[in-house]
Every structure is written in structure tokens, then in C-alpha cells.
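Engineer:
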Amino acid sequence: MKRLIPLFLCIFFVSFLLHSQTECKITYIANEGFLIETGSQKIITDALFDNIDGNWCDSPSDSIVDLMKKALPPFNDIDLITISHKHQDHFNEGVVVQFLINNPGAKVICPKQVEFVLAQNPNYGKFKKNIIAITPDLYCDSITAVSGISIRILRLEHSHYMEEDTIHGGQINRHRDIENLGFVFNVEGIKFFHCGDTNPLNEKEYASFKLKDAEIDIAFLERLFFSKGAESIAILNKYIDPKEMILMHINPANQELFSNHFKEVENIKVFERKMDSIGYKM
Ligand SMILES: [Zn+2]
31 MKRLIPLFLC IFFVSFLLHS QTECKITYIA NEGFLIETGS QKIITDALFD NIDGNWCDSP
91 SDSIVDLMKK ALPPFNDIDL ITISHKHQDH FNEGVVVQFL INNPGAKVIC PKQVEFVLAQ
151 NPNYGKFKKN IIAITPDLYC DSITAVSGIS IRILRLEHSH YMEEDTIHGG QINRHRDIEN
211 LGFVFNVEGI KFFHCGDTNP LNEKEYASFK LKDAEIDIAF LERLFFSKGA ESIAILNKYI
271 DPKEMILMHI NPANQELFSN HFKEVENIKV FERKMDSIGY KM
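Residue numbers for the sequence shown follow my numbering, beginning at 31 and rising by one.
(1) With a threshold of 8 Å, are at least 3 pairs of Cβ atoms found where one atom belongs to the stretch 87-99 and the other to the stretch 159-171?
(2) Mind checking who Asp193 pairs with in its DSSP beta bridge?
(3) Excluding sequence positions up to five away, which residues of its chain have a Cβ less than 6 Å from the Cβ of Asp227?
(4) For Ser89, verify whether its CB is less than 8 Å away from any heavy atom of ligand 1.
(5) For Lys116 and Thr75, I'd like the C-alpha separation in whole angstroms.
(6) What is the C-beta distance between Ile111 and Ala136, in whole angstroms, given that I count them as a contact (C-beta under 8 Å)?
(7) Pick from Ala60, Thr57 and Glu67: whose alpha carbon is nearest that of Asn216?
(8) Applying the 10 Å Cβ sphere with the 16-neighbour rule, what's the burial state of Leu266?
(9) Taking DSSP's pairing of strands, which residues face Ile66 in a bridge?
(10) Which residue or residues does DSSP assign as beta-bridge partners of Phe213?
(11) Is Ile59 near ligand 1, with its Cβ less than 8 Å from a heavy atom?
(12) Count the other C-beta atoms from every protein chain shown that fall within 10 angstroms of the C-beta of Thr57, then say buried if there are 16 or more, exposed otherwise.
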């Protein structure tokens, strides 16, 4: 019997390792902005922006912006901030600067276009060391690590916004020069993907990044993946295929439509209210 005890302990330990799960809590701030909390890490993605006039996008209320600027709970002790691109519904210079002054331990990963805006701020010298500005070339990526979080940074084309070209005639993509980043981060074994304002129809891009091989647990997905028809859904399934999905970039007028449409889909979450949270065990 004595000989069997180590064997039982060994089986128990292996079984514990196989079945142990990491928990995380995700809070919806607004638009593509989220707070991700695991046992020891806190990440903010695309959330540090201001209340926006108009109903074209969901934006944080004045009281939430105030908490973010002062780095007060739940926005205290943030390890990492990711900013996908410089548009005002993802990034606000004043909010980021105030946040970094009050939370000097946080690192920011952003495209060079965002760093360029931050560098104009008179306080830039105070938080310059916190900024990691990376814009990989198209179809390229880069890997770094912050506070024990491994991060893969992908250059993802911004979704198109076609408008009339008044100089040359025809149509032109207003967002053609925007540097948009996607992020894959591994936090305590949970693999997250945030795509920013990706173009979900860019198959060449998604084929080259092979995100499916990364076995993404939770993907924050631009709602366009589901509103562009079968082609973008096929790209999502073939090249990303995450276990859980959180839809984002849904304007307030369409929130109910998306919420009702995905109500019965177990692995797709549509947040209904700002500052609502969901927990996952992965
Ligand atoms: Zn954008």
C-alpha cells in the first residue's frame, strides 16, 4: 500500500494540472474598449477615450472618463494598455496622458501614429518611457513582452470607408493611411486576440498570420465579421476560430439588434450595458 501512495499522489497532481483553469473577468467600457483582469494582471484595450458627441459610436460616460483619468478603481494598477489606432473612438490624448501621470507603472503599446500625437503633449517627457510604439509593415508582426505578458502585434488593415474623391473623381478609402494594430496576448495561459478596426475581408492578411495555430481562447471581434456576409464569416472560421467571441464596435442604435441576434449563441457575447462584466474559466 505504501508503494501505491506516491503513485496516487502523482495521478492526483497530473489530474490537477490538466484540469486547473485560469479565471478572467472582462468589463466592457465602450466601443472596442475593455478591461481584462486575471489573478495578477490588468489590461486595458482601446478604452482610454472621451465621451463622444453623437450616437455613431458607444463612448464612456463622463464619470467613467473621470475614473480613468484619475486611475481609480477599477482602473488602478493597470499593467498594460493597448491602443489599436489613433481614431477618437479608440484613443484620446488627454485621457491617456492623465492616466499615465496617475498610473506611472503602466506600459502602452500603440502604433507610431499614436506616439506621434502623444509626443506633442507638453508632459511627454514624464511618460515617454512608458510608450512602446510599433507599426509593423503590412502583413508583418512583432513580438514583445510586458510585465510577464507575451504580446504579438499584428499590422491589420483598417476597415474601408469609401467616399467620393472630389479631386480625382471616383471613390477613395478615407482610412487607407491609418495604422491599425491587432494584438494577441497570453495572460497566465489565456490567449486573447483584439483586432481593432480590422478589415474582415482581407483574406490575404488573415491567411498570412495563421491565428488559428495560436489557439485563441477569447477574441474581441469587430462586428463587421458578422455583417459583411458569408465571406467574412468564412475567414473568421478558417483563420481565427476562437473558442469564445466578444463582439465590439457596435453603435448604440444597433446594440439591440446584435444582442437579440446572438442571444442563443453560447460562445458569442454582446455586451448590453457599459461597465457590465463577464467571467471566463479557460
Ligand atoms: Zn477606426
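Ideal placement from N, C-alpha and C gives every residue a C-beta, glycine not left out. Note that the structure is a prediction, hence the values are computed from the model and not measured.
Structural biologist: On the basis of the supplied data:
(1) Cβ pair count under 8 Å is below three, so no.
(2) Here the sequence assigns Glu to residue 193, which means Asp is not the residue at that position. Beta-bridge partners of Glu193 (DSSP): Ile202.
(3) Excluding sequence neighbours, Asp227 sits near His188, Ser189 and Asn210.
(4) Ser89 Cβ: outside cutoff for every heavy atom of ligand 1.
(5) If I take the Cα positions, the gap works out to 13 Å.
(6) About 6 Å separates the beta carbon of Ile111 from that of Ala136, a gap short enough to meet the 8 Å contact definition.
(7) Considering only alpha carbons, the answer is Glu67.
(8) Flag for Leu266 reads buried.
(9) In DSSP, Ile66 forms a bridge with Ile56 and Ile73.
(10) The partner list for Phe213 (beta bridge, DSSP) reads Ile183 and His224.
(11) No - ligand 1 has no heavy atom lying nearer than 8 Å to the Cβ of Ile59.
(12) So Thr57 counts as buried.
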